[in-house]
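In my numbering, the protein residues as written are 29 to 164. Written out below as structure tokens is the structure these notes cover.
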Amino acid sequence: MTIKIGELAKRTGATVETIRYYEKEHLLPEPFRSEGNYRLYNEEHIERLQFILHCRTLDMALDDVRILLEYWESPDKDCGDVNNLLDEHIHAVEIRMEELMHLKHHLTVLRQKCASSAPASSCGILNALADNSCNE
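Shown next as structure tokens:
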């Protein structure tokens, strides 16, 4: 079975541009070419692209996806490094969550500086942003 790039995009939910990008980044193997030079993909491409897309929904960096693909393609390898990679990613997510909570707090404090509609010249939010008092 071979399909063209549009059908691959439709089956996986990826865009054509994303598929081409993953090819350029060597995450997807080069597809076969038809006599008319159309890219032709097979079941292996579909499975691999779905794996990549799932990793990306988990906010994995492309370098991490490469590592995970290496292990996925070498089922006899010890997966200890995969565990470490996930532990590092979990830690990075925890740090990002803390940063986002701090950002939310900061925005909430900033929002409290202007309680109602008023001329922009007297807007507490705009003034705090202008004089940097929102960081205090």
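Think of the CB as a built atom: it goes at the ideal place given N, C-alpha and C, for glycine as much as any other residue.
Counting along the chain, Gln78 sits inside the alpha helix (DSSP H) bounded by residues Glu71 to Thr85.
Within the same chain, Thr30 come within 6 Å of Asn70 by CB-CB distance, once the 5 residues on both sides are set aside.
The beta carbon of Leu113 is closer than 8 Å to those of Asp92, Ile95 and Leu96 in its chain, skipping five residues each way along the sequence.
Cα atoms of Leu128 and Pro103: separation of roughly 37 Å, rounded to the nearest angstrom.
In the DSSP assignment, Ile31 forms a beta bridge with Tyr69.
Counting C-beta pairs with one atom in each stretch, the segment 144-154 and the segment 114-122 have fewer than three that are closer than 8 Å, which means they do not touch. Beta-bridge partners assigned by DSSP to Arg61: Arg67. Counting C-beta atoms within 10 angstroms of its own C-beta, His130 has fewer than 16 neighbours from the protein chains shown and is therefore classed as exposed. Its chain contains Ile47, Tyr50, His73, Arg76, Leu77 and Ile80 as the residues whose beta carbon lies nearer than 8 Å to that of Leu56, once the 5 sequence neighbours on both sides are disregarded; these appear in chain order.
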